[in-house]
Amino acid sequence: MSMRNIQVVLGVAFGVLLFLFLDYSLPTRDTVRVVNTYNKMTDLGWNRVFYAGRGAVETADGRRDVRYIDTLRPSGRPRVYRNEDTGLIWPPYFKYDSSDLHAIAGDMRSSADAPRWVSVTSYGWRSDLITIFPNAISIRPVAGPDDRPANWLAMVILGVMGALLLMFWRWWNRFSTRRIAPAVERAEARADQARGRFRRWLGR
């Protein structure tokens, strides 16, 4: 495999991992209507990596009392959030107010006849297959279902990440040109010499 192909493979793999990392960690904002708030004993298995880490109380059999916030989008599609503290773990939102947030969400509940629209900031994925939910970070009232507040935090993080990625990519290109490419060329030259000697030996 040539040096160019190695760079392409490494670049694609890094790009996919970076996309998944950012897609999970970056905050998103959804305009929704809160319809219910509750606690539920949740069975956790290998999917516990998508839930809060330290500080969460679990039973001996691995069940956890998790707060949930049920919401509906303007289209009527459901959007369910968990409400757990993040503490100092990743991602670093330093959330310690899940109890307060649950009280705010409960106060924001409304019906279809008298809707109260809110913007929920959260991070994470929703999957019915592996039973994971985005974690709500904050709730703010908005004027109506068409109100879409700008996600400034995500924009700032992406800008900083883009600048760091550009710096890393320039450093990697210089490093690969000076160190990796010559090493690969020397290895290929030695391999060619070895194949040549082997062919000459077979031709005797």
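Residue 130 in our numbering is what sits at position 136 of the sequence shown, and the numbering runs on without skipping anything.
Yeah, the Cβ is synthetic: ideal placement off N, Cα and C, and Gly gets one too.
Given a threshold of 16 other Cβ atoms within 10 Å of its Cβ, counted over all protein chains shown, does residue i qualify as buried or as exposed?
i    : result
Y90  : exposed
D141 : exposed
A181 : exposed
Y117 : buried
F169 : exposed
D101 : exposed
R173 : exposed
R27  : buried
D186 : exposed
T171 : exposed
F127 : buried
N129 : buried
I98  : buried
A108 : exposed
D200 : Because residue 200 is not part of the residues shown, which for the chain are -5 to 198, the question remains open.
V10  : exposed
V112 : buried
I124 : exposed
I83  : exposed
A137 : exposed
S92  : buried
Could you give the first and the last residue of the continuous alpha helix (DSSP H) run that contains residue i?
i    : result
L152 : W146 to F169
L95  : S92 to D101
Tell me the DSSP bridge mates of residue i?
i    : result
V112 : V26 and P135
L16  : DSSP, once it has assigned bridges, lists no residue as partnering L16.
I126 : S121
D37  : R57
P85  : According to DSSP, which records beta bridges pairwise, P85 is partnered with nothing at all.
Y32  : Y62
E52  : R58
Which whole-angstrom value describes the C-beta separation of residue i and residue j, a residue pair presumed to lie in contact below a C-beta threshold of 8 Å?
i    : j    : result
T36  : V60  : 5 Å
Y62  : R76  : 6 Å
T31  : P68  : With a Cβ gap of about 20 Å, T31 and P68 do not count as contacting.
V29  : T53  : The Cβ separation is near 28 Å, so there is no contact.
R110 : P135 : 7 Å
Taking residue i as part of the beta strand (DSSP E), name the residues at either end of that continuous run.
i   : result
V74 : P72 to R76
Is there a Cβ of chain D sitting closer than 8 Å to that of residue i, yes or no?
i  : result
G5 : The chain inventory of the structure shown lacks chain D, comprising one protein chain alone.
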